[in-house]
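Below is one structure, written out as structure tokens; comments come after it.
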Amino acid sequence: FVYERPTALGGEESRAEQIGFMRVADGPERVLAAVREQLKLGASQIKLMAGGGAASLYDPLYTVQFTPAEIRAAVQAAEDYGTYVATHVYNVTGIRRAVEAGVKSIEHGHLADEPTVAMLAERGVWLSTQPFTEHDHSFLNPDSAAKNLEICSGTDRLYRWAIKHGVNVAWGTDLLFEPDRDDLQSTMLARLGDHMSNVAALKMVTSGNAALLRLAGERDPYRTARLGEITAGAWADVLLVDGDPTADLGLLADPAKNLVLIVKDGVIVKNQL
15 FVYERPTALG GEESRAEQIG FMRVADGPER VLAAVREQLK LGASQIKLMA
65 GGGAASLYDP LYTVQFTPAE IRAAVQAAED YGTYVATHVY NVTGIRRAVE
115 AGVKSIEHGH LADEPTVAML AERGVWLSTQ PFTEHDHSFL NPDSAAKNLE
165 ICSGTDRLYR WAIKHGVNVA WGTDLLFEPD RDDLQSTMLA RLGDHMSNVA
215 ALKMVTSGNA ALLRLAGERD PYRTARLGEI TAGAWADVLL VDGDPTADLG
265 LLADPAKNLV LIVKDGVIVK NQL
């Protein structure tokens, strides 16, 4: 790996910054400017990387990487555009700091303790998490592999506490930049049945996720109609399953076989009837 001095320290833009994947910003003023820049470019909501991650090097999971003032600056800029801030964060300190600063969605959160999960419910903050297992991703770097194991160790208890305390839980896959891993997305969806009822899982990945997206207000690209539900006037997004997913969520792990009709925005994408 070649070290690249980030723009925040006077360097050139990294490849990640050039393609618009991320922006490095230190200090409230730079955070404010970076968030405004992304909103002017059309972002529907803002995600801060408020703590360490598994894949990134030199990035321990225990770290907290934005000050309260920096997070508040991002939240203020987003709220001025009628939308919200989400944060990538795993650890307790980072989650609590983000919530206190006005963040509306915690992304991941696997290393939270039970009081922190309960706080999410009390504050009405969403938890957008994933049913990770250690075999979902492989890392050549031993440090990343160890961090991945630590994250996955928290999956079961995170879902258990979130359901116990009535947290608004959304579903994500964290499979960015991995178009060849569509199969894992379906597998992870079916895996939700290990943590909640099949009906609860189906509601979460449809109307539940839609409720979170509606926090983007006028920035929500789906705002002209209801999303994630089959009602008159809603977006015509329909899946017809060969079987009963309320009884067997595993049917969704093989969409090529079991999804016999796919309608997206009223357009038939697949029809095997």
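All residue numbers for the sequence shown refer to my numbering, where the first residue is 15 and numbers rise by one.
Just so you know, even glycine gets a beta-carbon here, dropped at the ideal spot from N, CA and C.
{"query": "Taking the runs of the alpha helix (DSSP H) that are 4 residues or longer, which of them lie wholly in the segment 16-91?", "result": "29-32, 42-54"}
{"query": "Please report the distance separating the alpha-carbon of MET63 from that of ALA57.", "result": "16 angstroms"}
{"query": "Leaving aside the five residues before and after ALA331 along the sequence, list all residues of the same chain whose C-beta is less than 8 angstroms from its C-beta, in chain order.", "result": "Residue 331 lies beyond the range of the chain shown here (15 to 287); nothing can be said about it."}
{"query": "How would you label ASN155, buried or exposed, when you count the other beta carbons within 10 angstroms and need 16 or more for buried?", "result": "exposed"}
{"query": "Based on the DSSP output, what are the partners of THR143 in its beta bridges?", "result": "TRP185"}
{"query": "Expressed to the nearest angstrom, what Euclidean distance is found between the alpha-carbon atoms of ALA215 and THR260?", "result": "9 angstroms"}
{"query": "Taking the straight line between their C-alpha atoms, what separation do you get for VAL255 and LEU273?", "result": "5 angstroms"}
{"query": "Starting from THR101, trace the beta strand (DSSP E) in both directions and tell me its first and last residue.", "result": "99-103"}
{"query": "Which runs of the alpha helix (DSSP H), 4 residues or longer, sit entirely within the segment 226-275?", "result": "269-272"}
{"query": "Given that a residue counts as buried once 16 or more other Cβ atoms are within 10 Å of its Cβ, and exposed if not, what is ILE109?", "result": "buried"}
{"query": "Which residue spans inside the segment 105-139 form an unbroken alpha helix (DSSP H) run of at least 4?", "result": "106-114, 128-137"}
{"query": "Determine the extent of the alpha helix (DSSP H) in which VAL213 is found, giving its start and end residues.", "result": "212-217"}
{"query": "On the three-state DSSP scale, how would you describe GLY280?", "result": "coil"}
{"query": "Who does ASN223 pair with in a DSSP beta bridge?", "result": "In the DSSP output, where bridge partners are listed per residue, ASN223 has none listed."}
{"query": "When DSSP builds the beta bridges, which residues end up paired with ASN162?", "result": "According to DSSP, which records beta bridges pairwise, ASN162 is partnered with nothing at all."}
{"query": "Measure the alpha-carbon distance for ASP157 versus THR169 and round it to whole angstroms.", "result": "19 angstroms"}
{"query": "Does the Cβ of VAL16 have 16 or more other Cβ atoms within 10 Å, making it buried, or fewer, making it exposed?", "result": "Interpretation of VAL16 is limited by its pLDDT of 49, a score under 50 that renders its predicted location unreliable; the figure taken from the coordinates is listed afterwards. So VAL16 counts as exposed."}
{"query": "Relative to the C-alpha of HIS179, which candidate in GLN32, GLU128, ARG44, ASP234 has its C-alpha closest?", "result": "GLU128"}
{"query": "Taking the beta carbon of ASP268 as the centre, do at least 16 other beta carbons fall within 10 Å, making it buried, or is it exposed?", "result": "exposed"}
{"query": "Going by beta carbon distance, what residues of the same chain come within less than 6 angstroms of VAL113, once the five residues before and after it are set aside?", "result": "ARG137, VAL139"}
{"query": "Just to confirm the assignment, what range does the alpha helix (DSSP H) spanning SER200 have?", "result": "196-205"}
{"query": "Applying the criterion that 16 or more other CB atoms from any shown protein chain within 10 Å of the CB defines a buried residue, is GLU84 buried or exposed?", "result": "buried"}
{"query": "Find the nearest neighbour of ASP197 within the set THR130, LEU266, THR101, GLN59, judged by alpha-carbon distance.", "result": "LEU266"}
{"query": "Expressed to the nearest angstrom, what Euclidean distance is found between the alpha-carbon atoms of VAL283 and LEU253?", "result": "10 angstroms"}
{"query": "Determine the contact status of VAL78 and VAL99, defining contact as a CB-CB distance below 7 angstroms.", "result": "no"}
{"query": "Measuring CB to CB, does ALA88 end up less than 7 angstroms from VAL45?", "result": "yes"}
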